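Colleague: One structure, as structure tokens, below. Some questions next.
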Amino acid sequence: MRAIEDIIRYVVFPIPVIDLDEGKVHTNLDQYVPFTKVLKRYLKFRTENKDHPNPSLDKFRLRMGNSPVREDILEKLLTSFAVESSIKELDLSFLEPHLTLVHCGGLSFQALVNVKSLTSLSLDYVNLKDDVTRTSGGILAPSSKTISLKCMLLPSSEFLHELVSSCPSIENLLVTSCDVQFTTKSRAGLRVSSIWISEIAVFSDVYVSECEHLESVILGSECPTVRLDLTVCGNLKYINICTDSITEIVIDRCKDCLEATIDARYLLRFQFNGFNAMKCTNGRRSFCNIQ
Numbered sequence: 005m006r007a008i009e010d011i012i013r014y015v016v017f018p019i020p021v022i023d024l025d026e027g028k029v030h031t032n033l034d035q036y037v038p039f040t041k042v043l044k045r046y047l048k049f050r051t052e053n054k055d056h057p058n059p060s061l062d063k064f065r066l067r068m069g070n071s072p073v074r075e076d077i078l079e080k081l082l083t084s085f086a087v088e089s090s091i092k093e094l095d096l097s098f099l100e101p102h103l104t105l106v107h108c109g110g111l112s113f114q115a116l117v118n119v120k121s122l123t124s125l126s127l128d129y130v131n132l133k134d135d136v137t138r139t140s141g142g143i144l145a146p147s148s149k150t151i152s153l154k155c156m157l158l159p160s161s162e163f164l165h166e167l168v169s170s171c172p173s174i175e176n177l178l179v180t181s182c183d184v185q186f187t188t189k190s191r192a193g194l195r196v197s198s199i200w201i202s203e204i205a206v207f208s209d210v211y212v213s214e215c216e217h218l219e220s221v222i223l224g225s226e227c228p229t230v231r232l233d234l235t236v237c238g239n240l241k242y243i244n245i246c247t248d249s250i251t252e253i254v255i256d257r258c259k260d261c262l263e264a265t266i267d268a269r270y271l272l273r274f275q276f277n278g279f280n281a282m283k284c285t286n287g288r289r290s291f292c293n294i295q
């Protein structure tokens with residue numbers, strides 16, 4: 005675990021990165037106290053240092069077991085980051101829920117999206133509250149280019165669609181081991197160059213439409229039924245599908261030449277529409293059972 009002296013060293017010798025890692029799993033509540041004190045001290049430094057502006061912070065990385073008190077501290081830190089508009093990368097990772105000794109209500113998603121300067125957001129085992137105040141066509145994260153969500157229970161089936169659709173600069177989306185029905189339908193002009201979806205627990209289809217900058221899609225999953233539908237993605241160059249459960253792939257009005265790696269034992273339908281030419285090389289098995 006990073007000691008309190010590390011934070012003091014940050015105060016004296018400003019650096020653009022703060023990395024706080026609690027380390028091992030705790031077996032009783034008393035073991036939470038020391039690291040919670042570290043968080044409180046850092047929050048105090050950021051919020052009570054009124055005479056001198058806080059040093060510019062490029063990246064904040066936090067690994068810890070979660071608790072209601074810590075969630076409250078973290079939300080206040082996010083408010084501080086939002087006011088300063090300097091932090092570019094935010095990397096938050098909590099312990100697995102079954103390893104946490106106390107129940108937590110969830111981190112405010114509104115507090116996250118208020119940090120408008122973010123270009124990269126990574127969340128691992130972070131439980132979110134869907135408390136964002138949205139306006140029609142509103143932009144939640146204007147600068148975010150990379151978003152990574154791992155091992156999370158997402159607030160709603162529309163969460164990813166709303167998130168991606170309100171991030172006009174997004175280029176890379178990574179979703180791993182998240183429990184949600186995934187349906188992404190983007191606005192025209194949305195800048196997404198890479199979508200990587202792996203081990204999503206519950207979803208019936210992946211639908212990506214009108215992503216003009218989308219270049220690659222990687223999909224791996226153990227879910228029982230999967231449909232992949234890519235429509236009007238004119239810059240799509242590469243797809244990698246590796247799952248025995250996917251049954252249908254539809255690629256409509258995309259790039260004329262596409263490199264595809266597909267390992268799908270039970271694929272029943274594979275449809276190309278709008279291609280000038282289709283070439284299949286180095287196939288591992290025939291498509292005799294595919295419509």
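The sequence shown begins at 5 in the working numbering and counts up by one.
All C-beta atoms in this analysis are idealised placements derived from N, C-alpha and C, irrespective of residue type, glycine included.
Note that the structure is a prediction, hence the values are computed from the model and not measured.
Kindly list the residues whose CB is nearer than 6 angstroms to the CB of S126, restricted to its own chain and excluding five residues on each side of it in sequence; keep chain order.
Modeller: Numbered from 1 along the sequence shown, position 122 holds the residue referred to as residue 126. Excluding residues within five positions, the ones whose Cβ falls inside 6 angstroms are D95 and S152.
Colleague: Can you tell me which of the three DSSP states D128 falls into?
Modeller: The count along the sequence shown starts at 1 and reaches residue 128 at position 124. In this structure, D128 counts as strand in the three-state DSSP scheme.
Colleague: Taking just the CA atoms, how far does F98 sit from D4?
Modeller: Any property of residue 4 remains undetermined from this structure, which presents the chain solely from 5 to 295.
Colleague: With a 10 Å radius around its C-beta and 16 neighbouring C-beta atoms as the bar for buried, classify T247 as buried or exposed.
Modeller: Here residue 247 refers to the residue found at position 243 when the sequence shown is read from its first residue. Its Cβ being crowded by 16 or more others within 10 Å, T247 is buried.
Colleague: Is the separation between the beta-carbon of I245 and that of L223 shorter than 8 angstroms?
Modeller: For the purposes of this step, residue 245 is taken as the residue at position 241 of the sequence shown. For the purposes of this step, residue 223 is taken as the residue at position 219 of the sequence shown. Result yes, Cβ atoms of I245 and L223 sit closer than 8 angstroms.
Colleague: Beta-carbon within less than 6 angstroms of R267's beta-carbon, same chain only, minus the 5 sequence neighbours each way: which residues are those?
Modeller: Translated into the one-based positions of the sequence shown, residue 267 becomes position 263. Before going on, a small fix: residue 267 reads as Asp here, not Arg. Excluding positions up to five away in sequence, the list reads C246.
Colleague: Can you look up K133 in the DSSP assignment and give me helix, strand or coil?
Modeller: In the sequence shown, the residue the question calls residue 133 occupies position 129. Strand, per DSSP.
Colleague: Excluding sequence positions up to five away, which residues of its chain have a Cβ less than 8 angstroms from the Cβ of G238?
Modeller: Working through the sequence shown from its first residue, we reach residue 238 at position 234. Excluding sequence neighbours, G238 sits near E216, R257, C258 and K259.
Colleague: At the level of alpha carbons, what is the spacing between L157 and F163?
Modeller: Your numbering for residue 157 matches position 153 in the sequence shown. Your numbering for residue 163 matches position 159 in the sequence shown. Going by the C-alpha atoms only, they are around 11 angstroms apart.
Colleague: Give me the Cα-Cα distance between S84 and F274, rounded to the nearest whole angstrom.
Modeller: By one-based count along the sequence shown, residue 84 stands at place 80. By one-based count along the sequence shown, residue 274 stands at place 270. Those two C-alpha atoms are separated by around 50 angstroms.
Colleague: First and last residue of the alpha helix (DSSP H) that includes Y46?
Modeller: Position 42 of the sequence shown, counted from the first residue, corresponds to residue 46. Run containing Y46: V37 to E52, per the alpha helix (DSSP H) assignment.
Colleague: Pull up the DSSP beta-bridge partners for C246, would you.
Modeller: As a working mapping, residue 246 is identified with position 242 in the sequence shown. According to DSSP, C246 bridges with D267.
Colleague: What residues match up with M68 in a beta bridge as DSSP calls it?
Modeller: Looking up residue 68 in the sequence shown gives position 64. In the DSSP output, where bridge partners are listed per residue, M68 has F98.
Colleague: Please report the residue range of the alpha helix (DSSP H) in which S4 lies.
Modeller: In the structure displayed, the chain extends from 5 to 295; residue 4 sits before or after that span and is not available.
Colleague: Among residues of its own chain, excluding the 5 on either side of K80, which ones have a beta-carbon nearer than 6 angstroms to its beta-carbon?
Modeller: The residue given as residue 80 occupies position 76 in the sequence shown. So the list reads L47, once near-sequence residues are dropped.
Colleague: Of the choices N131, T123 and L178, whose alpha-carbon is the least far from that of S90?
Modeller: Taking the sequence shown and counting its residues from 1, one reaches residue 90 at position 86. If we check each option's Cα against that of S90, T123 comes out closest.
Colleague: Along the chain, where does the beta strand (DSSP E) that runs through L157 open and close?
Modeller: Your numbering for residue 157 matches position 153 in the sequence shown. Per DSSP, L157 belongs to no beta strand (DSSP E) and is neither H nor E.
Colleague: Check the DSSP bridge columns for L232 and list the partner residues they point to.
Modeller: Position 228 of the sequence shown, counted from the start, is the residue given in the question as residue 232. V210 and I253, per the DSSP bridge assignment.
Colleague: Between N118 and the rest of its own chain, which residues show a CB-CB distance below 8 angstroms, the 5 nearest in sequence each way excluded?
Modeller: As a working note, residue 118 is residue 114 in the sequence shown. These residues qualify, in order along the chain: L82, T83 and A86.
Colleague: If I'm right that S173 touches C155 with Cβ under 8 angstroms, what's the distance once you round it to whole angstroms?
Modeller: By one-based count along the sequence shown, residue 173 stands at place 169. By one-based count along the sequence shown, residue 155 stands at place 151. With a Cβ gap of about 25 angstroms, S173 and C155 do not count as contacting.
Colleague: When the distance is taken between beta carbons, is K120 closer than 8 angstroms to S147?
Modeller: Position 143 of the sequence shown holds residue 147. Position 116 of the sequence shown holds residue 120. In contact: S147 and K120 (Cβ atoms closer than 8 angstroms).
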